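Residue numbers (our numbering): 2 to 251. Each residue gets a CB set at the ideal place from its N, CA and C atoms; glycine is no exception. Just so we're clear, the structure is a prediction, and the values are computed from it rather than from any experiment. This report refers to the structure that appears directly beneath it.
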């Protein structure tokens, strides 16, 4: 299982003071030196954290280090004063993976996946605008998604399971509910693999629930951001990254 670290929260902290402290570049380089498999950023149209300049920086860092760069966002996000629009932002760079989320422009965080009725001819047309050298075009899905056979025909070859509800179940600690939640994830993984899709997972994952997720089948990659920063307040950034790498890789 690969580990892509989302550094949006570093950008958010930096932007709260209008300076370059903390330096998101320093944390990106430190993450790579510590052994993460890739970097993730989710730039939003309101530029509340990651900025287009951060995308350019991460693009260069990952290319030089031969690491995966994953850009998240809504492919329907239009251009604005300082935001070029999601498709243009992607095509101006060289991400290994693009993860499409159905977030509204002002949404605080991703909290649901795409519905099959949203994956129509208009969606397919927008996906076709991405450069052809992107290895994986992924969509954010809920744990009850079932229409995997439709994805390849619209240019999707990867999915990311929204694990927010899964994380809540693990936190509550009720054994029968945990088993049920794991079964849902396992079925998603199995169905996706049968349709030759890469399987990622993300949202609210942490050191407590990762062991339960790892029991759910062959998940290729996890993307983790918020919990990394929370745990860094207790353990420090370096030790936190090492703890996550140890848990993910064992």
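Taking DSSP as the reference, what is the three-state secondary structure of residue i?
| i | result |
| --- | --- |
| residue 102 | coil |
| residue 82 | coil |
| residue 11 | helix |
| residue 107 | coil |
| residue 220 | coil |
| residue 141 | strand |
| residue 155 | helix |
| residue 42 | strand |
| residue 162 | strand |
| residue 225 | strand |
| residue 232 | helix |
| residue 30 | helix |
| residue 59 | helix |
When every heavy atom of the ligand SAM is checked, does at least one fall within less than 6 Å of the C-beta of residue i?
| i | result |
| --- | --- |
| residue 152 | With respect to small molecules bound, the structure shown includes none, and the ligand SAM cannot be examined in it. |
Kindly list the residues whose CB is nearer than 8 Å to the CB of residue i, restricted to its own chain and excluding five residues on each side of it in sequence; keep chain order.
| i | result |
| --- | --- |
| residue 202 | 161, 162, 164, 186, 214, 220, 222, 223 and 224 |
| residue 2 | 215, 220, 221, 222, 223, 249 and 250 |
By the DSSP assignment, the beta strand (DSSP E) with residue i in it spans what residues?
| i | result |
| --- | --- |
| residue 241 | Segment 238-250 is the alpha helix (DSSP H) holding residue 241; no beta strand (DSSP E) there. |
| residue 72 | 69-74 |
| residue 199 | 199-203 |
Can you tell me where the alpha helix (DSSP H) with residue i in it begins and where it stops?
| i | result |
| --- | --- |
| residue 3 | Element bounds for residue 3: not the alpha helix (DSSP H) but the beta strand (DSSP E), 3-7. |
| residue 37 | That residue, residue 37, is in no alpha helix (DSSP H); it is neither H nor E in DSSP. |
| residue 94 | Here residue 94 belongs to no alpha helix (DSSP H), and DSSP marks it neither H nor E. |
| residue 52 | Careful: residue 52 lies outside any alpha helix (DSSP H) and carries neither H nor E. |
| residue 189 | 176-195 |
| residue 126 | 122-128 |
Residue i: buried (16+ other C-beta within 10 angstroms of its C-beta) or exposed?
| i | result |
| --- | --- |
| residue 119 | exposed |
| residue 45 | buried |
| residue 114 | buried |
| residue 105 | exposed |
| residue 1 | Limits of the chain in this structure are 2 at one end and 251 at the other, which puts residue 1 out of reach. |
| residue 239 | exposed |
| residue 247 | exposed |
| residue 169 | exposed |
In its own chain, which residues sit with a C-beta less than 7 Å from the C-beta of residue i, not counting the 5 before and 5 after it?
| i | result |
| --- | --- |
| residue 151 | 117 and 120 |
| residue 189 | 144, 146 and 162 |
| residue 30 | 62 |
| residue 48 | 83 and 84 |
| residue 100 | 71, 73, 139, 141 and 161 |
| residue 68 | 33, 38, 39 and 40 |
| residue 155 | 120, 124, 125 and 128 |
Would you please state the rounded distance, in angstroms, between the beta carbons of residue i and residue j? I believe it to be under 8 Å.
| i | j | result |
| --- | --- | --- |
| residue 244 | residue 208 | 6 Å |
| residue 10 | residue 58 | About 16 Å separates the two Cβ atoms, so there is no contact after all. |
| residue 42 | residue 8 | 7 Å |
I'd like the list of long-range same chain contacts for residue i, defined as Cβ closer than 6 Å, with 5 residues on each side in sequence excluded.
| i | result |
| --- | --- |
| residue 210 | 168 and 171 |
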